[in-house]
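To convert, note that position 80 of the sequence shown is 108 in my numbering; the numbers rise steadily by one, no gaps.
Cβ atoms here follow ideal geometry from the backbone N, Cα and C, with glycine treated the same way.
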Amino acid sequence: MSASSSQPSVPVLTIDGPSGSGKGTISAAVATTLGWHLLDSGAIYRAVGYAASMAGVDLSDAAAVTRCAQAARIVFRAARDGGQTRVIVNGFDATDEIRTETCGAAASAIAAIPAVRNALFERQRAFRKAPGLVADGRDMGTVVFSDAPCKVFLTASAEERAKRRYKQLKEKGLSVTLATLLREIEARDERDATRKVAPLKPARDAVVIDTTALSIAEVVARVLAIARAAMPALDG
């Protein structure tokens, strides 16, 4: 995969981190504040997992999953009421389905397939458009936008991340247990950190923020301060 870009002058802020670290919420808030585009790369992998499931593809069949990644039609559609962005996969609204734990596990599994990552690389790079991009994921700063002028890596204890996920799912009326979520998060951390291709880790030039004891507002403020220090033009 090449790190070249057709629009290298467009600034990118990458926000990476493990599941439950808050990167999705923080990325959306920062993008809104800056008036920049937003890339939720995890949603793309989840969408491919959803497409593979709908097609009856065995996730252990790397070639079949790769073909699915190449063919999947994934569209992010802004909600008319200003609510949650809808994710349309092969013509179906999969917004709710891709946020399930099952789809998250599928995303983690297929993300370990090099050919799948290659198939989705340019699709993610295409989100780099003026005036700027906030890219949320696990390898945004290390691989996809390695030339980004500002990189942040969010983390939090596994226990705190499990509590956050538990609260989210209970609010949706789903039956879950904290112990099960903790085991799933720890297992996913292990898979993501030890995979051979693009393992989860901070970029060498990333600023690491532990969000365990911080509020959303506090993390957003820190990320914006880091971005403005790295890219003075934001205050121009």
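Problem - Ala100 to Ala241 span [Cα, whole Å] - result: Distance between the alpha carbons of Ala100 and Ala241 is about 39 Å.
Practice task
Assess, as a yes-or-no matter, whether the stretch 163-171 is touched by the stretch 115-122 under the definition of 3 or more beta carbon pairs within less than 8 Å.
Solution key: Flag = no, the stretch 115-122 and the stretch 163-171 do not touch.
Problem - Helix, strand or coil at Ala31 [DSSP, three-state] - result: Because Ala31 carries a pLDDT of 45, less than 50, the predicted location of this residue cannot be relied on, and the following value inherits that uncertainty. Reduced to three states, the DSSP call for Ala31 is coil.
Handout entry: Cβ neighbours of Glu98 in the same chain (closer than 6 Å, five flanking residues each side left out)
Key = For the sequence presented, residue 98 should be read as Gln rather than Glu. Cβ neighbours of Gln98 beyond the five flanking positions: Ala147.
Handout entry: When Ala231, Ala56 and Leu209 are compared against Cys178, the one with the closest alpha-carbon
Key = Ranking Ala231, Ala56 and Leu209 by CA distance to the CA of Cys178 puts Ala231 first.
Problem - From Ala91, Gly201, Thr183 and Ala154, residue whose alpha carbon lies closest to that of Val235 - result: Selected option, being the one with the closest Cα: Thr183.
Exercise for the section: Determine the direct distance from the alpha carbon of Val251 to that of Ala258, and round the result to whole angstroms. Expected result: Distance between the alpha carbons of Ala258 and Val251 is about 11 Å.
Handout entry: For Phe104, the residue or residues it bridges with in DSSP
Key = In DSSP, Phe104 forms a bridge with Val115.
Practice task
Taking 9 Å as the cut-off, decide whether the C-beta atoms of His65 and Gly169 are in contact.
Solution key: Not closer than 9 Å, so no.
Handout entry: Classification of Pro260 by the beta-carbon crowding that lies within 10 angstroms, buried from 16 upward
Key = Within a 10 Å sphere around the beta-carbon of Pro260 sit fewer than 16 other beta-carbons, which makes this residue exposed.
Exercise for the section: Could you tell me the boundaries of the alpha helix (DSSP H) in which Lys179 lies? Expected result: Premise fails: Lys179 lies in the beta strand (DSSP E), Cys178 to Thr183, not in any alpha helix (DSSP H).
Practice task
Answer yes or no: do Ile72 and Ile102 have a C-beta to C-beta separation smaller than 9 Å?
Solution key: One thing to note: Ile72 has its Cβ within 9 Å of the Cβ of Ile102.
Practice task
Assign Ile141 to one of three DSSP states: helix, strand, or coil.
Solution key: Per DSSP, reduced to three states, the secondary structure at Ile141 is coil, with no helix or strand assignment.
Problem - Whole beta strand (DSSP E) elements within the stretch 223-260, 3-residue minimum - result: Considered as a whole, the stretch 223-260 harbours 235-238 as its complete beta strand (DSSP E) runs of no fewer than 3 residues, in chain order.
Exercise for the section: Go ahead and pull the three-state DSSP assignment for Phe149. Expected result: Correct three-state label for Phe149: helix.
Problem - Element boundaries [alpha helix (DSSP H), containing Ile54] - result: Note, Ile54: alpha helix (DSSP H), Lys51 to Leu62.
Practice task
Return helix, strand or coil for Gly84, following the three-state DSSP convention.
Solution key: Gly84 falls in the coil class under three-state DSSP.
Problem - Unbroken alpha helix (DSSP H) run spanning Leu197, endpoints - result: Ala186 to Glu199 is the span of the alpha helix (DSSP H), which, as asked, contains Leu197.
Practice task
Taking only the alpha-carbon atoms, compute the straight-line gap between Ala249 and Gly52 and give it to the nearest angstrom.
Solution key: When rounded, the separation of the alpha-carbon atoms in Ala249 and Gly52 is 15 Å.
Exercise for the section: Please state if the CB of Ala143 and the CB of Thr94 are separated by a distance shorter than 9 Å. Expected result: Contact: yes.
Practice task
Taking Ala163 as part of the beta strand (DSSP E), name the residues at either end of that continuous run.
Solution key: In the DSSP assignment, Ala163 falls within the beta strand (DSSP E) that extends over Leu161 to Gly165.
Problem - Nearest-angstrom Cα separation, counted from Cys131 out to Ile254 - result: Rounded to whole angstroms, the gap between the alpha carbons of Ile254 and Cys131 is 32 Å.
Handout entry: Where the alpha helix (DSSP H) containing Val93 begins and where it ends
Key = Per DSSP, Val93 belongs to the alpha helix (DSSP H) from Ala90 to Ala99.
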